[in-house]
Every structure is written in C-alpha cells, then in structure tokens.
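Residue numbers (the working numbering), protein chains in the order written: chain A, 1328 to 1445; chain B, 430 to 734.
Have a look at this one:
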C-alpha cells in the first residue's frame, strides 16, 4: 500500500520517507521538517490521531497533513480536521493519481520532501 | 387505557382478573397519583428497580427515575402527560436500588376521570438495556468490519491502477482488458462496503445522501455488465430501450445503483433460461421512468402490495 504510493511519488520526482508505524512517524518527524505529511489513522501501537496530535500540538508542525485512511465515518473526518489535518481521503474511494495530484498542488511552491506513514 | 371498552360485563365485574394480569405481567407496572406518590408496583417493577413494593409505596415516582436524563427530557415528559394529558413514550436511563443504571423503555399514561381530570398515572416499562447493548455492538461490528474490508480493497485498487498506468512496464491489450475487469470488480466491492457502512451510519443517525448529476443510462449499463455472465449462461435476451438525450439527474449514484442493481438481479434470477428482459429508460413529464420487465414468474398477486 505505502510502497505503491511511495513509488508513485518518487516517479513524480519527490523525496519520500516512509514510516511503517506511528512510532516511526513521530521519530522521523522529530528529526526532520517535512513539507507535507501523508498520514494513515489505523496503525499499530500509536495511531494516526496520536501522531497528528504530536505533530500539531507538540512539534507545532506547519506542514500540511493529509489523512489517507480507510476510516471515514463522519466523526473520524471531523475529529481529524479539528485536530489540524488539511484534508481527508478514504483510500478505497480515492484513485492513486488523485493523491499524487493533491500532493503536487500542495507542494507547488515548496521543496520536495515528503514523509508518508501509511 | 381510556379507550378500552369492555363489553363483556362478566369480566368487568371481576376486577381480580385484571389485578392478576397486572401483578404477573412481565412488564413493569407502576401506578402513581397526581402528587406523584406511588400507589402500586407489580412484581416485575420490584425486580427491575430492586425495591420491594412496600419500600416505594408513598414515595415520589419521579425520584425513582433517578434524574439521570437531562432536564428537557423530564419537562417534555411532564408536559405530555400532565398538560396535554397524552401518553408519553420514551427511553430513559434509570437507576436500580443497587445504583446500577439501566435503560427503560417506558410508556406513561394519564388516567382521566369523567371530568377529564387526571386521577392516576400508569407507568409501563421494559428493561431494554440488553437490546441497546446488542444494537451498539452490532453497529460497531459493522463499522469495524467494513474498515477492515477496505484495507485489502484499497491495495487492489491502487496496484491495478498502477499496472494500468504502465508503472510496472507496458501491458498488452489483452492484459489491460483483464486488469480492467479486476479493477471494476474491486470497485463494485468498494461500493458494497461503502453501502454497508452507510447502513451502519443510518443506525448512528448520520446517514449522508450524496447527490450528483447522474446518468441513469450509465448506471443501468454498469449494472447490466456486472450481470453479463449470468445473462449469457441463462441465455437471456436483454433488450435495452433508452430514450435519446436523457438528462442527468441529481441523485446519489451509489444509492440509485443499488436500486437498479436489485431490480436487474431479481429479473435475471427469476427469469427462466431463454427468457426475455426489457429495460427501458425514458422521461415522462418531469420524471425519469426506469422499467425493468421480464418474462419471469412474477410476484404472486397477494404479495404485490
């Protein structure tokens, strides 16, 4: 899943780091400032909401955070947006090229570095 | 209660029959007066709230409810029974003697005398705690299961998309055709899961209809394509009769697709081998009419309501 997106984004010319779980996502994000973060919600141990909380509250990260998840109940969407996520996409309902398009439109004027934790 | 008329005077002259019915009812029955004082509580009431009848007789009926609901709930309740003099039906969280909370499905009825004044109130209730728990568990299960189902579906979706894009090397025409079948099959599954989630959302009270300009022709064709194999294996003749220049209609394409899918699936299922199915879409005034007719068994007259 993450591999597919990672490949797709690399082909599009982005530098991509991949964290395979929430813990690693926090570790990566604490070391580096990313221009954009793609974040899943259902992850082992530390879930996406907790990572989102860390990024926005503790790290005060200014990078837009796009949620890509298979959770998608109204409550989840509202919660994530309230916590500071910029966008919310349900994976099964979003073609991969749309994700790439979205990343492109977010990063048009910035450097090309991405962290994806999917 | 006031509407009950008993013609058989033999029964009405024997109030002990009613007493026995009330006493042994599996529903909680409590009778209280205009000052809210409890006058009677049956066995089921004792079991449900944990007090013996003698412990609560003379006590305030509303205090027995425990005050766990918000103020508006009780205001509405009293307004209904006291001012409007109508029965009140509702679900409320109550407390047993042990302090344990439970859900009560209650009906409270004011009993009026000849001057239309309230003499007594009758409270009939059922413990619906278990039902509520099962309901919640069911909703949570559907929701969780759907999300778990989505994970492999999104993997299939993205990888087939990449294959089609040639990300893993060029695919030939035939291969492309096969991959597309996988892709569209998966898309159908995605929609089924979305529909399942929508069902559980109805229960959560947040059901969303997502209207978009929709082509009925397209929706019907996709549904027919899905049934292609069954149609071929049953040697059915499908005739499509679409009016030209059909307008797009603002409906939820996923929901309308389920409707048309159901109709067509039934038509295919219940038409004998070699039968005919006619699908017509046309405008009639401001409406779009989709007709699916088949040479099947039909619906028995008595079930056509």
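Beta carbons: idealized from backbone N, C-alpha and C, even for Gly.
Nearest to residue 717 of chain B by C-alpha distance, out of B:727, B:690, B:673, is B:673. Taking the Cα positions, residue 468 of chain B is about 15 Å away from residue 547 of chain B. The beta carbon of residue 615 of chain B is closer than 8 Å to those of 582, 585, 586, 589 in its chain, skipping five residues each way along the sequence. Counting along the chain, residue 519 of chain B sits inside the beta strand (DSSP E) bounded by residues 517-524. Unbroken beta strand (DSSP E) stretches of 3 residues or longer found wholly inside the stretch 628-704 of chain B: 641-643, 666-671, 678-680, given in chain order. Per the C-alpha coordinates, the member of A:1416, A:1334, A:1384 positioned closest to residue 1357 of chain A is A:1384. Taking the C-beta atoms as reference points, residue 1371 of chain A is found no nearer than 8 Å to residue 1397 of chain A. For residue 580 of chain B, the closest alpha carbon among the candidates B:619, B:644, B:443 is that of B:619. Taking 8 Å as the cut-off, the beta carbon of residue 555 of chain B is found closer than this to the beta carbon of residue 456 of chain B. Listed by position along chain B, the residues whose Cβ is nearer than 8 Å to that of residue 1394 of chain A form an empty set, because the closest Cβ is around 14 Å away. Residue 719 of chain B counts as buried, since no fewer than 16 other beta carbons sit within 10 angstroms of its beta carbon. Cα atoms of residue 678 of chain B and residue 707 of chain B: separation of roughly 22 Å, rounded to the nearest angstrom.
Non-local C-beta neighbours of residue 693 of chain B in its own chain, meaning closer than 7 Å and more than five positions away in sequence, comprise 652, 653, 656, 721, ordered along the chain. What residue 1420 of chain A touches in chain B, judged by beta-carbon distance under 8 Å, is 619, 623, going in chain order. In the structure shown, the three-state DSSP call for residue 1420 of chain A is helix. By the neighbour-count criterion, in which 16 or more other beta carbons inside 10 Å mark a residue as buried, residue 552 of chain B falls on the buried side. In summary, the residues of the stretch 1328-1347 of chain A whose CB is separated from some CB of chain B by less than 8 Å are 1328, 1331, 1332, 1334, 1335, 1338, in the order they occur in the chain.
Not one beta carbon of chain B lies nearer than 8 Å to the beta carbon of residue 1351 of chain A.
Exposed is the label assigned to residue 726 of chain B, since fewer than 16 other Cβ atoms lie within 10 Å of its Cβ. The distance from the Cβ of residue 606 of chain B to that of residue 593 of chain B is about 10 Å, inconsistent with a contact at the 8 Å cut-off.
Annotation: the continuous beta strand (DSSP E) that includes residue 536 of chain B extends over 530-541. Under a criterion of Cβ atoms nearer than 8 Å, the residues of chain A adjacent to residue 586 of chain B are, in order, 1418, 1419, 1422, 1423. With fewer than 16 other Cβ atoms from the protein chains shown falling within 10 Å of its own Cβ, residue 1408 of chain A counts as exposed. By the Cβ test, the stretch 480-489 of chain B is not in contact with the stretch 559-572 of chain B, since fewer than three Cβ pairs between them sit closer than 8 Å. Distance check between residue 1375 of chain A and each of A:1390, A:1406, A:1360 places A:1406 closest, using alpha-carbon atoms only. Going by DSSP, residue 716 of chain B is part of the beta strand (DSSP E) stretching over 716-723. Rounded to the nearest whole angstrom, the CA to CA distance from residue 1364 of chain A to residue 518 of chain B is 51 Å. DSSP places residue 457 of chain B within a strand segment (E or B) once states are collapsed to three. In chain order, 1328, 1397, 1418, 1419 make up the part of chain A whose C-beta sits under 7 Å from the C-beta of residue 583 of chain B. Note on geometry: alpha-carbon atoms of residue 501 of chain B and residue 508 of chain B lie some 10 Å from one another. Collapsing the DSSP output to three states places residue 479 of chain B in coil. Listed as beta-bridge partners of residue 555 of chain B by DSSP are B:534. Close to chain A, meaning a Cβ-Cβ distance shorter than 8 Å, are the following residues of the stretch 590-604 of chain B: 590, 591, 594, 596. Secondary structure note for residue 1404 of chain A: its alpha helix (DSSP H) is the uninterrupted segment 1401-1409.
The straight-line gap separating the alpha-carbon atoms of residue 613 of chain B and residue 1362 of chain A is approximately 35 Å.
The Cβ atoms of residue 662 of chain B and residue 625 of chain B lie no closer than 8 Å to each other.
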